[in-house]
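S.K.:
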Amino acid sequence: MRERAVSGTLDGQGGMPGSTPTVVTQRNESSDFRAAFNAAQLAMAVVGRDGLVRSANHALGELLGTDPARLAGDPAADFTGLREDPRTWSAYREVLLGRRARLHCTRRLKRHGGRQGVWAEVIVTPLPDSCDTLLSVADISDRRDLRARLRHLRMHDPVTRLPNRSLFFERLTTALTTAADGRGSGRIGLCYLDLDGFKAINDTLGHRAGDRLLGAVARRLSECAAPGGHLVARLGGDEFALLVENSTGTQQLVDLAGCVQAALQRPFDVAGHRLAVSASIGVVERPAAGTHATELMQAADTTLYWAKADGKARWTLFDPERNAHRMTRQALSSTLRPAVERNEFVLQYQPLVGLGDGVVRGVEALVRWHHPQFGMLAPNRFIGLAEETGAIVPLGRWVLATACRQARHWQLSHPAEPIVVSVNVAVRQVWDSDLVADVAAILTETGLPPRLLQLELTESAVMGSAGRPLQQLQQLSDMGVAIAIDDFGTGYSNLAYLSRLPVSTLKLDGSFVRGFHSEEPPNPADETIVEALVQLAHRLGIKVTAECVESAEQAERLGRIGCDTGQGWFYSRPVPPDTISALLGAPGVRP
Ligand code: C2E
Ligand code: MG
Ligand code: MG
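Each residue of the sequence shown is one higher than the one before, starting from 253 at the first, in the working numbering.
And the structure:
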């Protein structure tokens with residue numbers, strides 16, 4: 253009889269003998285439910301208030317590797333692992349006691365005999381009109397596997413099978429936060445490497461060979477990283493990174509970099525070719541606290557760049573000082589142009605003095621950058637950068653205009669003995685701007701006579717100059733502007749060549765003048781050379797100015813061998829324009 257079969261059933265109350273049609277209907281429903289319960293694909297159990305299984309279906313027995321009948325009387329929490337997480341455990345008990353409507357969680361099942369079972373989605377809900385609850389367990393291992401496989405694909409590089417950039421950053425970020433928690437050494441290290449000349453291999457042997465080489469490189473990197481359990485990732489192209497969590501110090505990273513270098517030194521046999529490969533490695537190691545992933549990568553990137561710049565096939569250690577220098581360079585170079593517009597530059601002037609009579613003949617305009625952050629910067633900090641970036645063109649134009657305006661002012665205030673202003677001109681100004689037009693416009697604007705302007709160009713700017721630079725020099729000279737060769741003697745120009753250029757003055761480099769110092773025994777060879785140089789220049793109609801005159805002794809000797817003017821600390825350091833104005837009021841700098 254069907255009713256009988258239901259005894260000891262689902263509701264756990266046992267079958268109630270009944271004869272009314274209503275009861276029969278209930279019984280039938282109950283037995284139908286029972287049949288459905290047993291036949292269901294979804295694993296289920298009815299659990300009493302006490303948490304013990306009252307009945308379990310076949311599907312659950314199968315999932316747990318046991319006969320469902322043997323589950324009766326067991327705590328359901330045992331095979332569902334519900335007790336392992338305190339929050340889940342308390343929620344589960346709430347449901348059992350009827351104080352909560354539902355528990356939904358993901359647990360790893362325990363199979364009969366204690367072995368780990370599959371991952372499952374566990375749902376516990378009270379049964380209507382009963383003190384019991386229904387526990388259902390859905391095997392989600394396929395879904396989890398699929399998700400894990402998709403994640404693996406997303407996080408790994410198909411060519412080398414190594415973790416990719418995404419996974420690397422995930423691990424790095426986690427490592428930084430855990431290290432900051434105070435577990436482990438609290439330090440982190442990174443070897444960031446790039447294969448030297450990989451592009452050439454790729455281009456000549458093809459991408460397939462390139463990929464195989466990358467795969468082989470990845471295997472060797474993994475061999476180096478395996479003993480320490482470090483993460484090896486391919487960050488893209490031919491870039492790899494080895495992450496050392498809880499590093500013990502720089503030495504550990506240096507050792508690892510050395511291992512990598514040695515591992516890559518063995519030749520690679522790829523696609524029938526024997527290939528020699530080397531790598532440049534940037535090594536960074538530091539405390540994790542206060543370090544951000546992007547910042548660490550930036551440091552590693554900079555260090556790798558140094559390794560390349562230092563000659564490749566080597567590792568280089570991050571150097572904060574070198575980095576600060578780079579940052580300042582970067583900061584300076586990016587703010588040069590706006591600084592011209594913001595008027596952050598000032599000119600100082602250094603007198604050019606007649607060696608025979610001590611009279612000021614002119615001044616050289618020397619630019620300084622009054623930087624809002626770094627203070628007063630000397631030109632050697634920024635002129636090179638300005639040349640690289642092209643900012644020298646607007647800056648040079650500003651210098652020229654300011655110096656000419658100042659010179660015109662001096663001319664008007666001291667009409668009896670006007671002084672020449674000498675302005676430095678960078679090579680790039682000659683090539684990249686219309687220097688002639690600029691000079692002409694500025695002279696017109698300021699009213700300065702061309703003969704009171706001298707332009708200083710270095711030897712390299714005029715050497716071998718043909719075409720545009722030579723034409724410009726000629727035009728400037730034709731206008732009446734004087735041309736001087738700055739730092740003469742440091743390049744390779746010869747006087748015969750210079751004589752063909754419209755040059756009126758040579759500024760003898762300080763290194764020549766140094767030999768004239770009284771404290772050292774005077775070097776007769778220096779004196780002979782300079783004397784011959786001066787004589788030759790004079791014969792070609794060129795005047796000579798000596799730079800870096802620091803003592804009376806030097807001034808005296810330079811004067812004796814025929815130099816025309818001197819410039820240097822002996823007379824005056826570069827000074828603000830007002831100081832020059834005061835000086836011009838006096839009869840001569842040196843009596
Ligand atoms: P420079 O044209 O050879 O200028 C002479 C440099 O020697 C100046 O350095 C000056 O301060 C320094 N000096 C002068 N007398 C003495 C001395 O007795 N002993 C020593 N040891 N040094 C002395 P400063 O002002 O630092 O300028 C350095 C260089 O920067 C200049 O060398 C010039 O090449 C460049 N420069 C300066 N202003 C400008 C500019 O407006 N435009 C361009 N393109 N370059 C400039
Ligand atoms: Mg100069
Ligand atoms: Mg000079």
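Even glycine gets a Cβ: it sits at the ideal position worked out from N, Cα and C.
Since the model is a prediction, treat every value here as computed from it, not as a measurement.
Taking a contact to mean a Cβ-Cβ separation below 8 Å, would you say Val305 touches Ala324 in this structure?
M.R.: Yes, they are a contact pair.
S.K.: Between which two residues does the beta strand (DSSP E) carrying Arg526 extend?
M.R.: Run containing Arg526: His525 to Leu527, per the beta strand (DSSP E) assignment.
S.K.: Assign Lys451 to buried or exposed, taking buried as 16 or more other Cβ atoms, counted over all protein chains shown, within 10 Å of its Cβ.
M.R.: Counting Cβ neighbours within 10 Å, Lys451 comes out exposed, since fewer than 16 surround it.
S.K.: Taking 7 Å as the limit between beta carbons, can you name the residues of its chain near Gly608, skipping five residues before and five after?
M.R.: Excluding sequence neighbours, Gly608 sits near Gly811.
S.K.: Which residue marks the beginning of the alpha helix (DSSP H) containing Gln560, and which one marks its end?
M.R.: The sequence given here has Lys at residue 560, not Gln. First-last of the alpha helix (DSSP H) with Lys560: Ala545 to Ala561.
S.K.: Consider the C-beta atom of Glu497 and the heavy atoms of ligand 3; say whether any pair is separated by less than 7 Å.
M.R.: False, no ligand heavy atom lies under 7 Å from that Cβ.
S.K.: Can Thr847 and Thr797 be called in contact, C-beta distance under 8 Å?
M.R.: There is no way to answer for residue 847, as the model of the chain reaches only from 253 to 843.
S.K.: Could you tell me the distance, in whole angstroms, from the CA atom of Thr587 to the CA atom of Leu707?
M.R.: Cα to Cα, Thr587 sits roughly 26 Å from Leu707.
S.K.: Give me the Cα-Cα distance between Ser418 and Met407, rounded to the nearest whole angstrom.
M.R.: Straight-line Cα distance between these residues: approximately 6 Å.
S.K.: Return the CA-CA distance between Val605 and Leu758, expressed in angstroms with no decimal places.
M.R.: Each residue's alpha carbon lies about 14 Å from the other.
S.K.: What is the rounded straight-line gap between the Cα of Gln600 and the Cα of Arg660?
M.R.: Going by the C-alpha atoms only, they are around 16 Å apart.
S.K.: I'd like to confirm something about Ala678: is its beta-carbon nearer than 7 Å to some heavy atom of ligand 1, or not?
M.R.: Checking the Cβ of Ala678 against ligand 1 gives yes.
S.K.: Would you check if the distance between the CB atom of Leu637 and the CB atom of Arg581 is smaller than 8 Å?
M.R.: Yes. Within cutoff.
S.K.: So Tyr749 is in the beta strand (DSSP E); what residue range does that whole segment cover?
M.R.: From DSSP, Tyr749 is part of no beta strand (DSSP E) but of the alpha helix (DSSP H) over Leu747 to Ser751.
S.K.: Quick one: what's got a C-beta closer than 8 Å to Ala540's C-beta in the same chain, skipping five residues either side?
M.R.: Excluding sequence neighbours, Ala540 sits near Ala427, Leu428, Ala431, Ala432, Gly438, Arg439 and Ile440.
S.K.: From Ala668 to Trp558, what does the alpha carbon distance come to, in whole angstroms?
M.R.: Looking at the two C-alpha atoms, the distance is approximately 58 Å.
S.K.: Is DSSP giving Lys451 helix, strand or coil here?
M.R.: Helix.
S.K.: Excluding the 5 residues flanking Leu355 on each side, which residues of the same chain have their C-beta closer than 6 Å to its C-beta?
M.R.: Excluding positions up to five away in sequence, the list reads Ala343, Tyr344, Val347 and Val376.
S.K.: Please report the distance separating the alpha-carbon of Gly732 from that of Asp690.
M.R.: Between Gly732 and Asp690, the C-alpha separation is close to 15 Å.
S.K.: Per DSSP, what are the beta-bridge partners of Gly483 in this structure?
M.R.: It is Leu, not Gly, that sits at residue 483 in the sequence shown. Answer is Leu495, bridged to Leu483.
S.K.: Of all the beta strand (DSSP E) runs that stay within the bounds of the segment 563 to 618, which reach a length of 3 or more residues?
M.R.: Those beta strand (DSSP E) runs which fall completely within the segment 563 to 618 and span 3+ residues are 567 to 569 and 597 to 606.
S.K.: For a test of the three-state rule: what should DSSP assign to Arg657, helix, strand or coil?
M.R.: Looking at Arg657 - three-state DSSP - the assignment turns out to be helix.
S.K.: Tell me where the alpha helix (DSSP H) around Gly636 begins and ends.
M.R.: Where Gly636 is concerned, the enclosing alpha helix (DSSP H) stretches over Ile635 to Thr641.
S.K.: Asp739: beta carbon under 7 Å from a heavy atom of ligand 3?
M.R.: Yes, ligand 3 has a heavy atom inside 7 Å of this Cβ.
S.K.: Reducing DSSP to helix, strand and coil, say where Asn676 ends up.
M.R.: Note: Asn676 maps to strand in three-state DSSP.
S.K.: Between the beta-carbon of Arg359 and the beta-carbon of Gly333, is there less than 8 Å?
M.R.: Cβ distance < 8 Å, so Arg359 and Gly333 count as in contact.
S.K.: Name the residue from Val506, Leu414 and Gly436 whose alpha carbon lies nearest to the alpha carbon of Leu466.
M.R.: Residue Leu414 is the option with its Cα nearest to Leu466.
S.K.: Residue ranges of each beta strand (DSSP E) run of no fewer than 3 residues wholly in the segment 286 to 322, ordered along the chain?
M.R.: Segments of the beta strand (DSSP E) lying fully in the segment 286 to 322: 295 to 299 and 305 to 308.
S.K.: Would the segment 456 to 465 count as touching the segment 519 to 537 if we require 3 or more Cβ pairs under 8 Å?
M.R.: These segments touch.
S.K.: Under the assumption that Ser388 contacts Met296 (Cβ atoms under 8 Å), give the Cβ distance between them as a whole number of angstroms.
M.R.: Contact flag correct, Cβ pair sits at about 5 Å.
S.K.: In terms of DSSP beta bridges, what is Ile375 paired with?
M.R.: Per DSSP, His356 and Ser388.
S.K.: Just to confirm, does Glu218 get its C-beta within under 7 Å of one of the non-hydrogen atoms of ligand 2?
M.R.: This structure leaves residue 218 out entirely; the chain is present only between 253 and 843.
S.K.: Exposed or buried, Ala291, counting other C-beta atoms within 10 Å across all chains shown (16 or more means buried)?
M.R.: Classification of Ala291: exposed, given that the 10 Å Cβ count is below 16.
S.K.: Using the three-state DSSP reduction, which class does Trp683 fall into: helix, strand or coil?
M.R.: Note: Trp683 maps to helix in three-state DSSP.
S.K.: Anyone know if the C-beta pair for Thr568 and Gly614 falls short of 8 Å?
M.R.: Their beta carbons are not under 8 Å apart, which means Thr568 does not touch Gly614 by this criterion.
S.K.: Can you give the beta carbon distance from His577 to Leu836, rounded, assuming they're within the 8 Å contact cut?
M.R.: Incorrect: roughly 40 Å between the Cβ atoms, too far for contact.
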